[in-house]
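Each protein sequence line maps, in turn, to chains A and B. Everything in the first sequence is counted per our numbering, starting at 15 for the first residue and increasing by one. Everything in the second sequence is counted per our numbering, starting at 59 for the first residue and increasing by one. Just so it is clear, CB atoms sit at the ideal spot from N, CA and C, and this is done for glycine as well. Predicted, not measured: the structure shown is a model, and the values here were computed from it. A quick write-up on the structure given underneath.
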Amino acid sequence: MTAYTATVTVRLKRGVLDPEAETTQRALERLGFELGDLRSADVFEVDLEADDADGARERADEMAERLLANPTIHDYDVAVEEA
Amino acid sequence: MTVAVVQFGGSNCDRDTVQALRHLGFDAHLVWHEDGLPDRTAGVVLPGGFSYGDYLRAGAMAAQSPIMDEVRTAAAAGTPVLGICNGAQIGCESSLTPGAFTTNESARFQCERVHVRVENADTPWTRAYDEGEVLELPIAHGEGRYEIADDRLDALEDADRVLFRYCDAEGTVTDDANPNGSKHNVAGVTGEDPHVAVLMPHPERVTLPDVGITDGQGVLQGFRA
Numbered sequence: 015m016t017a018y019t020a021t022v023t024v025r026l027k028r029g030v031l032d033p034e035a036e037t038t039q040r041a042l043e044r045l046g047f048e049l050g051d052l053r054s055a056d057v058f059e060v061d062l063e064a065d066d067a068d069g070a071r072e073r074a075d076e077m078a079e080r081l082l083a084n085p086t087i088h089d090y091d092v093a094v095e096e097a
Numbered sequence: 059m060t061v062a063v064v065q066f067g068g069s070n071c072d073r074d075t076v077q078a079l080r081h082l083g084f085d086a087h088l089v090w091h092e093d094g095l096p097d098r099t100a101g102v103v104l105p106g107g108f109s110y111g112d113y114l115r116a117g118a119m120a121a122q123s124p125i126m127d128e129v130r131t132a133a134a135a136g137t138p139v140l141g142i143c144n145g146a147q148i149g150c151e152s153s154l155t156p157g158a159f160t161t162n163e164s165a166r167f168q169c170e171r172v173h174v175r176v177e178n179a180d181t182p183w184t185r186a187y188d189e190g191e192v193l194e195l196p197i198a199h200g201e202g203r204y205e206i207a208d209d210r211l212d213a214l215e216d217a218d219r220v221l222f223r224y225c226d227a228e229g230t231v232t233d234d235a236n237p238n239g240s241k242h243n244v245a246g247v248t249g250e251d252p253h254v255a256v257l258m259p260h261p262e263r264v265t266l267p268d269v270g271i272t273d274g275q276g277v278l279q280g281f282r283a
């Protein structure tokens, strides 16, 4: 078994309204920053042990499917590296 | 027969719901989620509140409680299940009902009276009303914006599974009358079968005559066998 860190990034699907990001964007603009668009995402770092990177990725995928993301509104991606 | 009002850590409309149901003559009881559903359960309410501090997403944690397996089994066997506010979020997170309730368009918590129009009066939860009837119900939520893919919403509407839409006092569905940015002003939907339903407004808060209008009584009457 090898120790891995799986990084799961959960984002709203394109086209789903993100009021918190819009509010944050307006606050940045009030501070005088110039910016195009701002999107928010949640990042989860999961330490786990697996036989190989594929095994670690598979488990992190299932975590995203079953809890970390809501497939109705979210897309997610998983990156795995040795801890 | 017993209507089980399921308490999760952070539920806070559970006692109000029991009181409202008892006022209507139901044998209603609080059921702590770790205790499981009582044998004589003939109805289930997932009540409002802030279960598990809305961690991750509103309703996401409570949806993982083992009692939700029992609720899904009971629902599949024909037991009426009603999710109110946080209970609606839990219902969608646990796939009892389609779609998701997420952050209000305003990005603010909103506590106010709204109007909703009865879209389908042929469900246990709406048979006390006429189709097109306008009810005044309270909302109190930060994550009540109904989201679902457009094609799935079309399918829901085609199957008459929208219970209520936000509307103005005359019953016209408008953007201005939409408090939270819900797609197509949807305030409540049913599961695949009409005896499973969720809604963001609080019918239990407008059921006791002592506290004012009683427009919500008809929703809770859905537990009448």
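Are the beta-carbon atoms of B/Gly101 and B/Thr160 separated by less than 8 Å? Not closer than 8 Å, so no.
Interface partners of B/Gln122 on chain A, CB under 9 Å: Arg80, Leu81
Where B/Tyr110 sits in the DSSP three-state scheme: Under the three-state reduction of DSSP, B/Tyr110 is assigned to helix.
Can you tell which of B/Ala120, B/Ala255, B/Leu104 has its C-alpha closest to the C-alpha of B/Gly111? Looking only at B/Ala120, B/Ala255, B/Leu104, the smallest Cα-Cα distance to B/Gly111 is reached by B/Ala120.
As a quick exercise: from B/Asp233, B/Gly280, B/Arg98, pick the residue whose alpha carbon is nearest that of B/Ala255. B/Gly280
Between the region 137–157 of chain B and the region 251–271 of chain B, can you find at least three pairs of beta-carbon atoms closer than 8 Å? Taking 8 Å as the limit for Cβ pairs, the verdict is that the region 137–157 of chain B does touch the region 251–271 of chain B.
Once the 5 residues before and after B/Met126 are set aside, which same chain residues still bring their CB inside 6 Å of it? Here the set comprises Ser152.
Let me make sure I understand the geometry here. Which of B/Glu177, B/Ala118, B/Leu221 has the alpha-carbon closest to that of B/Gly68? Measuring from the Cα of B/Gly68, the nearest candidate turns out to be B/Ala118.
Contact set for A/Leu26: own chain, Cβ-Cβ below 7 Å, skip 5 residues either direction: Excluding positions up to five away in sequence, the list reads Asp32, Ile87, His88.
Please name the residue in B/Arg223, B/His253, B/Thr99 whose C-alpha comes closest to that of B/Asp85. B/Thr99
Starting from the beta carbon of B/Ala118, find every residue of chain A whose beta carbon is closer than 8 Å, and list them in chain order. The CB of B/Ala118 comes closer than 8 Å to the CB of Leu81, Asn84 in chain A, given here in chain order.
At the 8 Å Cβ level, is B/Thr160 part of the contact set with chain A, yes or no? It does: the Cβ of B/Thr160 has a partner Cβ on chain A nearer than 8 Å.
In terms of residue numbering, what span does the beta strand (DSSP E) encompassing B/Pro196 cover? 192–199
Ordered along the chain, which non-local residues of its own chain (more than five positions away) have a Cβ less than 8 Å from that of A/Tyr18? Asp61, Leu62, Glu63, Ala64, Ala67, Ala70, Val94, Glu95, Glu96, Ala97
Round the Cβ separation of B/Thr10 and B/His87 to the nearest angstrom and send it over; I've been treating them as touching at under 8 Å. Look at the range of chain B in this structure, 59 to 283, and you will see that residue 10 of chain B is not part of it.
Is there at least one Cβ from chain B nearer than 8 Å to A/Val94's Cβ? no
At a CB-CB cut-off below 7 Å, which residues of chain A make contact with B/Ser240? Those do not exist, as B/Ser240 stays about 11 Å from chain A at its closest Cβ, beyond 7 Å.
With DSSP as the reference, identify every bridge partner of B/Leu257, one or two as the case may be. B/Ile142, B/Gly246
On the DSSP bridge assignment, give the partners of B/Gly101 in chain order. B/Val61
Which chain B residues are close to A/Glu34, counting only those with a beta carbon under 7 Å from its beta carbon? Thr161, Ala165
Below 8 Å CB to CB, which residues in the same chain sit around B/Gln168 once its five sequence neighbours on both sides are set aside? Asn162, Ile197, Ala198, His199, Gly200, Gly202, Pro237, Asn238
Per-residue DSSP class, three states only, for B/Cys169: strand
List the residues of chain A that B/Glu205 touches, going by C-beta distances under 7 Å, in chain order. Simply Val30, Thr86, Ile87.
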